[in-house]
Amino acid sequence: MFDVGDYIVYGVNGVCKVEKVGTVSVAGIPKDKMYYTLVPVYSKGSTVFTPTDNLKVVMRPIISKEEALTLVDSINEIEMIKEQDDRLQEVKYKEALKKCDCKECIRIIKTLYQKRQTRIAEGKKITSGDEKYLHLAEEYLYGELAIPLEMEKNEVEAFICARVEILELA
Numbered sequence: 032m033f034d035v036g037d038y039i040v041y042g043v044n045g046v047c048k049v050e051k052v053g054t055v056s057v058a059g060i061p062k063d064k065m066y067y068t069l070v071p072v073y074s075k076g077s078t079v080f081t082p083t084d085n086l087k088v089v090m091r092p093i094i095s096k097e098e099a100l101t102l103v104d105s106i107n108e109i110e111m112i113k114e115q116d117d118r119l120q121e122v123k124y125k126e127a128l129k130k131c132d133c134k135e136c137i138r139i140i141k142t143l144y145q146k147r148q149t150r151i152a153e154g155k156k157i158t159s160g161d162e163k164y165l166h167l168a169e170e171y172l173y174g175e176l177a178i179p180l181e182m183e184k185n186e187v188e189a190f191i192c193a194r195v196e197i198l199e200l201a
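So, in structure tokens, the structure goes:
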């Protein structure tokens with residue numbers, strides 16, 4: 032069970048802060064059931080109510096600073112998604128995103144960065160579908176890493192690039 036003030040990942044809502052744990056006074060919601068009141072960190076003005084025993088949506092604590100640094104340091108070892116068929120690749124992206132796992136987001140990002148470079152070399156642009164999945168994976172990954180690394184979400188990509196470059200030079 033999570034406590035008030037905890038940062039958690041809640042499905043496609045991404046990083047949320049636990050605002051309240053208890054019953055809620057909303058019409059249609061049972062008064063005897065325990066709920067989390069969650070505030071999505073990157074969606075200002077929205078609130079999510081979910082049962083504390085919800086098993087349908089991924090709900091987990093965000094990773095620690097140590098885990099975040101270890102993850103970034105292991106980026107070069109994380110394998111890309113190996114699927115040549117574009118339709119099957121999209122299915123794999125969807126499955127990976129549903130896991131709400133940072134490592135899966137990195138797999139998508141690495142795959143699509145490589146695909147983008149290949150397409151640019153061929154004089155083509157990345158497809159809008161690939162662009163969508165790249166954006167989603169980056170949003171989820173950078174959003175989660177920003178909290179334990181104590182930085183703004185828009186600073187995470189540069190931090191990762193700098194740290195990976197330093198590791199490659201070492």
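So the working numbering is basically just the index in the sequence shown, starting at one, shifted up by 31.
Ideal Cβ positions, reconstructed from N, Cα and C, are used throughout, including at glycine.
Separation of residue j from residue i, as counted between CA atoms
i: Pro179; j: Leu86; result: 25 Å
i: Ala201; j: Val52; result: Bear in mind that a pLDDT of 44 at Ala201, under 50, signals an unreliable position, so the number given afterwards is only what the model happens to contain. Each residue's Cα considered, the two are about 47 Å apart.
i: Val88; j: Tyr38; result: 16 Å
i: Thr158; j: Pro61; result: 45 Å
i: Asp161; j: Ser95; result: 29 Å
i: Gly45; j: Leu100; result: 19 Å
i: Lys156; j: Arg147; result: 7 Å
i: Tyr124; j: Ala168; result: 9 Å
i: Glu114; j: Lys129; result: 18 Å
i: Tyr73; j: Leu165; result: 18 Å
i: Lys75; j: Glu110; result: 34 Å
i: Leu119; j: Ala58; result: 42 Å
i: Asn185; j: Gly174; result: 9 Å
i: Thr68; j: Val40; result: 13 Å
i: Lys163; j: Lys141; result: 14 Å
i: Gln145; j: Ile112; result: 11 Å
i: Pro71; j: Glu170; result: 13 Å
i: Leu5; j: Asp117; result: The requested residue 5 does not occur in the structure, where the chain is confined to residues 32 to 201.
i: Cys47; j: Thr81; result: 12 Å
i: Glu183; j: Ser105; result: 22 Å
i: Cys181; j: Val122; result: Before going on, a small fix: residue 181 reads as Glu here, not Cys. So the alpha carbons of these two residues sit roughly 33 Å apart.
Contact belief for residue i with residue j at Cβ below 8 Å, rounded distance in angstroms
i: Tyr66; j: Thr78; result: Contact doesn't hold; Cβ gap of about 11 Å is too wide.
i: Val195; j: Asn107; result: 7 Å
Closest Cα partner of residue i within the set the options
i: Phe33; options: Glu114, Val88 and Glu50; result: Glu50
i: Val55; options: Lys64, Glu97 and Lys48; result: Lys64
i: Glu97; options: Leu176, Asn185 and Val187; result: Leu176
i: Glu135; options: Val103, Thr68, Gly36 and Glu186; result: Val103
i: Arg138; options: Asp116, Lys163, Leu172 and Arg118; result: Leu172
i: Val90; options: Asp132, Gln120, Leu119 and Asp116; result: Here the sequence assigns Met to residue 90, which means Val is not the residue at that position. Measuring from the Cα of Met90, the nearest candidate turns out to be Asp132.
i: Val35; options: Val57, Ala58, Pro92 and Gly59; result: Pro92
Flag this pair as touching only if the region 182-191 and the region 151-163 have three or more C-beta atom pairs under 8 Å; answer yes or no. no
Enumerated in chain order, which unbroken segments of the alpha helix (DSSP H) with a length of 4 residues or greater are wholly contained in the region 111-187? 117-129, 133-152 and 159-177
Give, in chain order, every unbroken run of the beta strand (DSSP E) that is at least 3 residues long and sits entirely within the region 53-96. 66-71, 79-82 and 90-92
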